[in-house]
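K.L.:
Mind having a look at this structure? Questions to follow.
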């Protein structure tokens, strides 16, 4: 029995406080997913909180076929997609304007070498702005692929679009971010030798 | 553009945008969620989900068993000998009737019934 299974078993046996450890372990990914979808820090934190409460309520139905992390990330993405269907789109800055205004902060974010990689609220705000600069369709595909780690066909099914649309949006999203932000990376060490 | 470089670049970019391992305010967030859970949510005791289907299933089983038992008791077959014996021992049998004393009205009633 894994440590995670033991933790879940003790929560199901009535040790409510043990759930705090699961929140601690998985909140970075869940909150980043919510931020990626909603692009607003307080809305994202509310959605992440709802996600953890939903997961707690349905913990007895968690079969353990996948890890708790995979399971809760699916809950988070479904919850955020539901929220997006009902809310109005926000006005956002272009990625160009963002790079102009927050170049130094982005530079610092890219050069961050702490391990484990720990972000503060200002950095999360900056990430939210970067995500918000992408068109919503591209952002959704990107988050589902990078954080929910879904296959193309699963993304297509979830977003009710074609496989080609998924591939196209993902490619465009990556191109947008690479074009505007790759210069923040020191790429000299990454170039392949001739 | 070389796709190999693109891929390497993307992995590094992705690690920045999606690679947060910890958040500086995680204690605060954890406390906030736990407060909400303690206040509003009952603990997800596993027997609750078990009981959701087990109690109706048990009720249906008991009901079916009771009905089956009643039906089998009601329809116990009676042999011909038992039936004859019962009719001989019964106070309404013709032999008993003939040996008993009756007043005129009773005899008249019986004749009218026949």
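Residue numbers (my numbering), protein chains in the order written: chain A, 77 to 270; chain B, 369 to 482. Yeah, the Cβ is synthetic: ideal placement off N, Cα and C, and Gly gets one too.
1) Buried or exposed: residue 408(B), going by 16 or more other Cβ atoms within 10 Å of its Cβ?
2) Is the beta carbon of residue 173(A) closer than 8 Å to that of residue 111(A)?
3) Select from 144(A), 105(A), 159(A), 116(A) the residue whose C-alpha is nearest the C-alpha of residue 83(A).
4) Taking 8 Å as the cut-off, decide whether the C-beta atoms of residue 182(A) and residue 260(A) are in contact.
5) Name the residues in the region 382 to 406 of chain B whose C-beta lies less than 7 Å from a C-beta of chain A; which are they?
6) How about residue 401(B) and residue 101(A): do their beta carbons lie closer than 8 Å?
7) Is it buried or exposed for residue 109(A), if we count other Cβ within 10 angstroms and need 16 for buried?
8) Against residue 242(A), what residues of chain B qualify as contacts under a CB-to-CB distance less than 7 Å, listed in chain order?
9) Looking only at its own chain, which residues have a Cβ that is under 7 Å from the Cβ of residue 350(A), when we skip the five neighbours before and after it?
10) For residue 226(A), which of helix, strand or coil comes out of DSSP?
11) Are the Cβ atoms of residue 234(A) and residue 218(A) separated by less than 8 Å?
12) Against residue 222(A), what residues of chain B qualify as contacts under a CB-to-CB distance less than 7 Å, listed in chain order?
13) Smallest Cα separation from residue 137(A): which of 433(B), 420(B), 477(B), 434(B)?
14) Pick helix, strand or coil for residue 187(A), following the three-state DSSP scheme.
15) Mind listing the chain B neighbours of residue 192(A)? Cutoff is C-beta to C-beta under 8 Å, in chain order.
16) DSSP beta-bridge partners for residue 194(A)?
17) Residue 385(B) and residue 206(A) look like a contact to me (Cβ under 8 Å); what is the Cβ gap, rounded to whole Å?
18) If contact means a Cβ-Cβ distance below 7 Å, which residues of the region 107 to 125 of chain A contact chain B?
19) What number of angstroms, rounded off, separates the C-alpha of residue 17(A) from the C-alpha of residue 189(A)?
20) Helix or strand or just coil, what does DSSP make of residue 407(B)?
21) Rounded to a whole number of angstroms, what is the C-alpha to C-alpha distance between residue 491(B) and residue 191(A)?
22) Could you tell me whether the Cβ of residue 129(A) comes closer than 8 Å to any Cβ of chain B?
23) Helix, strand or coil for residue 89(A)? Go by DSSP, reduced to three states.
24) Counting only beta-carbon atoms, is residue 378(B) nearer than 8 Å to chain A?
25) Check whether the Cβ of residue 269(A) lies closer than 8 Å to any Cβ atom in chain B.
26) Cα separation between residue 252(A) and residue 85(A)?
27) Counting along the chain, where does the alpha helix (DSSP H) carrying residue 138(A) start and finish?
28) What residues from the region 132 to 163 of chain A come within 7 Å of chain B, judged by C-beta to C-beta, listed N to C?
P.N.:
If we stick to the structure as given:
1) exposed
2) no
3) 144(A)
4) yes
5) 382, 384, 385, 386, 387, 388, 389, 390, 391, 392, 393, 394, 397, 398, 400, 401, 402, 404, 405, 406
6) no
7) buried
8) Correct list: empty, because the minimum Cβ distance to chain B is about 16 Å.
9) Outside the modelled stretch of chain A, which goes from 77 to 270, sits residue 350(A), for which no answer is possible.
10) coil
11) no
12) 382, 386
13) 420(B)
14) coil
15) 389, 390
16) 390(B)
17) 7 Å
18) 107, 108, 121, 125
19) Coverage of chain A is limited to positions 77 through 270, which leaves residue 17(A) absent and any answer about it impossible.
20) helix
21) Lying before the first or after the last residue shown, residue 491(B) is absent from chain B, which here runs from 369 to 482.
22) yes
23) coil
24) yes
25) Bear in mind that a pLDDT of 44 at residue 269(A), under 50, signals an unreliable position, so the model cannot answer this.
26) 44 Å
27) That residue, residue 138(A), is in no alpha helix (DSSP H); it is neither H nor E in DSSP.
28) 132, 133, 135, 136, 137
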